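Reading through the structure tokens given below for one structure.
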């Protein structure tokens, strides 16, 4: 498992989300044929083209623009993407609400990454115990 934390100031000062998305794809090097899910902040023609060029399925939520509502197909695609993303987002919500990860306890990137890994391990162990009991 790999965890990568970035300071908030660094993230805000970085390139726009389009370039950040491409950099993240380069960093994780996904297997062609897979699907990449992302929220509406990464919705752009360039990002969709990059996914297609790399042989990846498009799991980026569609975003309405001023004077252009989402089509019925885009709304249906968003519902499908949301059903997958909800499972992941639920885990992050539990980490924030139940494990106090809405604010880090430590200073420095390595310590924050370790804190996240330990919280994620505790979350997964608790989930495994609950699943084994049912």
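In the UniProt record's numbering, the protein residues as written are 1 to 134.
Where is the CB? At the ideal position from N, CA and C, for every residue including glycine.
None of these values were measured; they are calculated from a predicted model.
- Residue 42 carries a helical assignment under DSSP once its states are collapsed to helix, strand and coil.
- Under DSSP, residue 68 shares a beta bridge with 65.
- Rounded to the nearest whole angstrom, the CA to CA distance from residue 128 to residue 65 is 42 angstroms.
- Taking the CA atoms as reference points, residue 133 sits about 36 angstroms from residue 60.
- In the three-state reduction of the DSSP assignment, residue 73 falls in the helix class, which pools H, G and I.
- Counting along the chain, residue 59 sits inside the beta strand (DSSP E) bounded by residues 57 to 60.
- Under the DSSP definition of a beta bridge, residue 37 partners with 59.
- For residue 110, the secondary structure class from DSSP, reduced to helix, strand or coil, is helix.
- The C-beta distance from residue 32 to residue 56 rounds to 7 angstroms, short enough to meet the 8 angstroms contact threshold.
- Take the alpha-carbon of residue 99 and the one of residue 115: they are about 11 angstroms apart.
- The three-state secondary structure of residue 102, taken from DSSP, is coil.
- Residue 84 and residue 107 have their C-alpha atoms roughly 33 angstroms apart.
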